[in-house]
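S.K.: Input: one structure, supplied below.
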Amino acid sequence: MAGKKIHGGYLELQDYIDSIKDKRGALIAVLHKAQHIFGYLSDEVILFISEKLDLPSSKIYGVISFYSYFTTKPRGENVVNVCLGTACFVRGADAIMKEFERELKIHTGETTEDGKYTLSGLRCIGACGLAPVVMINDKVYGRVEVDQVKKIIDENKSEIITNMEEINE
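Sequential numbering of the sequence shown, starting at 79, is according to the numbering used here.
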């Protein structure tokens with residue numbers, strides 16, 4: 079990265095790093111920002127952060143691997159998170175996850191071939207009273223039952239189409 083011209087998302091990330099670089103806990107904030115900008119944390123992005131924060135890339139990879147929020151693989155346009163915390167698990171989250179795998183034709187941690195969906199599990203999203211819970215992007219679905227999975231996917235697809243129609247108008 080040294081001597082290369084910075085552009086696009088890297089310029090935005092550089093500006094952010096400059097604004098918080100000397101603050102304690104900057105690495106996690108920078109990783110969140112980078113993932114927001116690029117969608118995931120590629121090797122190139124990690125090396126950029128390593129250089130700008132003067133940290134070994136091994137430390138950065140260690141932080142990334144510790145927190146399940148961070149990903150080093152591209153994600154789909156829509157991320158389906160099935161809560162696997164205790165309350166959700168005892169109320170059938172494992173069966174719900176299996177149904178999402180069946181409907182989307184992928185396994186947990188994978189992205190559909192068309193790049194529309196990534197399926198993942200989270201340990202707890204803090205909505206235990208609504209267990210079992212599924213999140214698609216920022217939308218929360220509570221008290222989900224296996225027979226609702228297809229409807230949830232279809233609803234999400236129609237929202238995407240509606241939003242695209244609004245953009246194209």
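We put the beta carbon where it would ideally sit given N, CA and C, even for glycine.
Source: prediction; values computed, not measured.
Under a three-way DSSP split, which group does N234 fall into?
M.R.: It is helical.
S.K.: Out of curiosity, what's the CA-to-CA distance linking L133 and I127?
M.R.: Taking the straight line joining both Cα atoms gives about 8 Å.
S.K.: Per DSSP, what kind of secondary structure is K248 in: helix, strand or coil?
M.R.: The question about residue 248 has no answer here: the residues shown for the chain are numbered 79 through 247.
S.K.: Is V141 buried or exposed, if buried means 16 or more other CB atoms sit within 10 Å of its CB?
M.R.: Flag for V141 reads exposed.
S.K.: Output the distance between the C-alpha atoms of I138 and L89, rounded to the nearest integer angstrom.
M.R.: Approximately 20 Å between the Cα atoms of the pair.
S.K.: Starting from S198, trace the beta strand (DSSP E) both ways and give me its first and last residue.
M.R.: Start and end: 195-200.
S.K.: Identify whether I203 lies in helix, strand or coil by the three-state DSSP scheme.
M.R.: Three-state DSSP puts I203 in coil, outside helix and strand.
S.K.: Could you tell me the distance, in whole angstroms, from the CA atom of I98 to the CA atom of E129?
M.R.: Taking the straight line joining both Cα atoms gives about 15 Å.
S.K.: Secondary structure at T186, three-state DSSP: helix, strand or coil?
M.R.: Here T186 sits in coil by DSSP.
S.K.: For the beta strand (DSSP E) containing E222, name the first residue and the last one.
M.R.: With the sequence shown as reference, residue 222 is identified as Val, and Glu is not the correct amino acid for it. Looking at the DSSP string, V222 is not in any beta strand (DSSP E), and its letter there is neither H nor E.
S.K.: Helix, strand or coil for K229 per DSSP?
M.R.: Of the three classes helix, strand and coil, the one that applies to K229 here is helix, per DSSP.
S.K.: According to DSSP, simplified to helix, strand and coil, what is V160?
M.R.: If DSSP states are grouped into helix, strand and coil, V160 belongs with the strands.
S.K.: I need the boundaries of the beta strand (DSSP E) containing V212, first residue and last residue.
M.R.: Per DSSP, V212 belongs to the beta strand (DSSP E) from 212-214.
S.K.: The alpha helix (DSSP H) with L91 in it runs from where to where?
M.R.: Note, L91: alpha helix (DSSP H), 86-98.
S.K.: Buried or exposed, going by whether 16 or more other CB atoms sit within 10 Å of the CB of N215?
M.R.: That one is exposed.
S.K.: Out of curiosity, what's the CA-to-CA distance linking C206 and A165?
M.R.: Each residue's alpha carbon lies about 6 Å from the other.
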